[in-house]
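Count along the sequence shown starting at 1, add 1, and that's the number in our numbering. Even glycine gets a Cβ: it sits at the ideal position worked out from N, Cα and C. Working notes for the structure below.
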Amino acid sequence: MRLQNKVALITGAASGIGRESALLFAREGAAVVAVDLNLDPAQAVATEITAAGGKALAVRADVSKAADCEAMVAAAEKQFGKLNILFNNAGISHADDDDAVSTSEDVWDLTFHINVKGVFLGCKYGIPALKRAGGGSIINTASFVAHLGAATPQLAYTASKGAVLAMTRELAAIHARQDIRVNALCPGPLQTELLMKYLNTPEKKQRRLVHIPMGRFGLAKEIAYSALFLASDESSFTTGAEFLADGGITSAYTTPE
Ligand code: NAD
2 MRLQNKVALI
12 TGAASGIGRE
22 SALLFAREGA
32 AVVAVDLNLD
42 PAQAVATEIT
52 AAGGKALAVR
62 ADVSKAADCE
72 AMVAAAEKQF
82 GKLNILFNNA
92 GISHADDDDA
102 VSTSEDVWDL
112 TFHINVKGVF
122 LGCKYGIPAL
132 KRAGGGSIIN
142 TASFVAHLGA
152 ATPQLAYTAS
162 KGAVLAMTRE
172 LAAIHARQDI
182 RVNALCPGPL
192 QTELLMKYLN
202 TPEKKQRRLV
212 HIPMGRFGLA
222 KEIAYSALFL
232 ASDESSFTTG
242 AEFLADGGIT
252 SAYTTPE
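What follows is the structure, encoded as structure tokens:
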């Protein structure tokens with residue numbers, strides 16, 4: 002098993018990438034702390050893991066709140082004795098996120114509080130725990146949109162993911178000699194609630210699909226496998242990376258007919 006004897010904390014674990022990663026990491030031997038704003042679905046993930054013979058704990062936390070982030074890390078150490086993997090994955094894409102003229106300050110601030118400050122706070126409280134464990138792996142979920150501009154605007158979201166990439170690089174450099182690796186995971190467009198809520202008509206879906214060489218949306222499960230690589234010791238020489246799993250969207254100038 003690829004995560005034997007590891008303890009992994011995953012934020013946004015109730016749904017999508019976080020949920021699939023929690024289930025996969027547990028199958029690979031990790032004890033999983035499934036963190037989410039919504040406790041009931043996070044608890045369902047934890048119950049599914051324990052029912053299959055794994056170890057899991059569900060914790061309710063709002064990643065934009067310092068006290069919640071401190072408490073989620075403390076809960077991981079209390080329950081499982083240590084923390085080896087911190088997957089800062091929780092994020093939002095607001096329905097009213099638009100261009101500079103139309104996006105409200107409230108939407109901008111909320112997006113940055115969760116997507117950027119949430120990663121910062123996860124690291125603020127998670128890094129001391131990783132140090133106590135003798136090192137570890139941090140994965141921050143960014144997005145392909147941090148690499149490309151789109152004419153269909155989501156300005157706050159795009160900027161927030163750019164900030165996650167910048168933060169990841171600097172954290173990787175700061176902690177490289179403490180055996181703490183920090184990588185950004187950049188998924189392409191996925192068939193999850195977060196994106197389908199936004200691409201809510203066949204026309205909007207098609208407008209995005211034409212840019213993906215593979216001609217389909219990705220699955221949360223496919224991103225969980227990328228996260229597993231970054232979480233495991235198999236990626237021991239990988240830090241500060243922008244790990245793209247995007248169906249080729251950032252490589253394409255034109256796509257096949
Ligand atoms: P999702 O909406 O299925 O899951 C996100 C989870 O985060 C939800 O369970 C939600 O309750 C939780 N969450 C939201 N705000 C929170 C908060 N303040 N504190 C704690 N938990 C909170 O979305 P997903 O597609 O699995 O997205 C996961 C990550 O991947 C996000 O950071 C997202 O930006 C990123 N991403 C998604 C796509 C995509 O196409 N779906 C593409 C690139 C990047």
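Distance cut-off 7 Å: residue i Cβ against heavy atoms of the ligand NAD
i, result
"Leu196", "yes"
"Ser227", "no"
"Pro154", "no"
"Thr48", "no"
"Ser94", "yes"
"Val108", "no"
"Ile18", "yes"
"Gly216", "no"
"Ala62", "yes"
"Ile250", "no"
"Asp37", "yes"
"Thr15", "First, the residue type needs correcting, since residue 15 is Ala and not Thr in the sequence shown. Checking every heavy atom of the ligand NAD against the Cβ of Ala15, one is found closer than 7 Å."
"Ile213", "no"
"Leu84", "no"
"Gly119", "yes"
"Ala91", "yes"
"Phe26", "no"
"Phe88", "no"
"Ala45", "no"
"Leu4", "no"
"Ile139", "no"
"Ile115", "yes"
"Ala68", "no"
Pairwise C-alpha distance: residue j and residue i
i, j, result
"Leu195", "Thr112", "13 Å"
"Thr251", "Ala134", "36 Å"
"Gln192", "Leu220", "6 Å"
"Ile1", "Ala232", "As displayed, the chain neither begins before 2 nor continues past 258, which places residue 1 out of reach and without an answer."
"Gln5", "Glu106", "45 Å"
"Asp247", "Pro42", "27 Å"
"Glu49", "Leu24", "8 Å"
"Tyr254", "Leu149", "12 Å"
"Asn85", "Gly136", "7 Å"
"Ala147", "Leu156", "11 Å"
"Pro188", "Ile224", "7 Å"
"Val160", "Asp110", "For the sequence presented, residue 160 should be read as Ala rather than Val. Taking the straight line from one Cα to the other gives about 12 Å."
"Thr104", "Ile93", "15 Å"
"Phe81", "Ala174", "28 Å"
"Tyr199", "Tyr158", "12 Å"
"Phe238", "Asp180", "10 Å"
"Asn201", "Ala151", "17 Å"
"His176", "Pro203", "45 Å"
"Tyr226", "Ser22", "7 Å"
"Pro257", "Ala91", "33 Å"
"Lys260", "Val108", "The shown model of the chain, from 2 to 258, leaves out residue 260, and the question about it has no answer."
Member of the options whose CA lies at the smallest distance from the CA of residue i
i, options, result
"Met2", "Ala147, Asp234, Ala242", "Asp234"
"Thr142", "Leu87, Leu38, Ile175", "Leu87"
"Ser267", "Thr51, Ser138, Ile18, Ala253", "Residue 267 is absent from the structure shown; the chain starts at 2 and stops at 258."
"Leu186", "Gly123, Phe145, Gly13, Val34", "Phe145"
"Asp60", "Ile181, Val102, Val33, Val120", "A small correction: the amino acid at residue 60 is Val; Asp does not occupy that position in the sequence shown. Closest by alpha carbon: Val33."
"Lys7", "Ala52, Gly189, Glu78", "Glu78"
"Leu58", "Lys125, Ser65, Leu40, Val64", "Leu40"
"Leu10", "Pro257, Phe238, Asp98, Ala228", "Ala228"
"Val120", "Arg170, Val64, Lys198", "Val64"
"Pro154", "Met197, Lys206, Arg178, Asp100", "Asp100"
"Ala96", "Ala62, Lys222, Cys124, Met197", "Met197"
"Ala15", "Lys125, Ala47, Phe26", "Ala47"
"Gly260", "Pro190, Lys56, Val36", "Here the chain covers residues 2 to 258 and nothing more, so residue 260 does not appear."
Those residues which DSSP pairs with residue i across a bridge
i, result
"Asp69", "None, per the DSSP bridge assignment."
"Asn184", "Ile140"
"Asn89", "Asn141"
"Arg61", "Asp37"
"Thr12", "Val36"
"Glu243", "Ala185"
"Lys206", "For Lys206, which the question treats as bridged, DSSP gives no partner whatsoever."
Closer than 8 Å to chain D by CB, residue i
i, result
"Gln80", "Any reference to chain D falls outside this structure, which holds one protein chain only."
Using 8 Å as the cut-off, can you tell me whether the stretch 209-221 makes contact with the stretch 55-73, which would need three or more C-beta pairs spanning the two stretches below that distance? no
I want to know whether the stretch 200-212 touches the stretch 235-245 - three or more CB-CB distances under 8 Å. no
Please determine if the stretch 108-123 and the stretch 153-169 are in contact, where contact requires at least 3 C-beta pairs separated by less than 8 Å. yes
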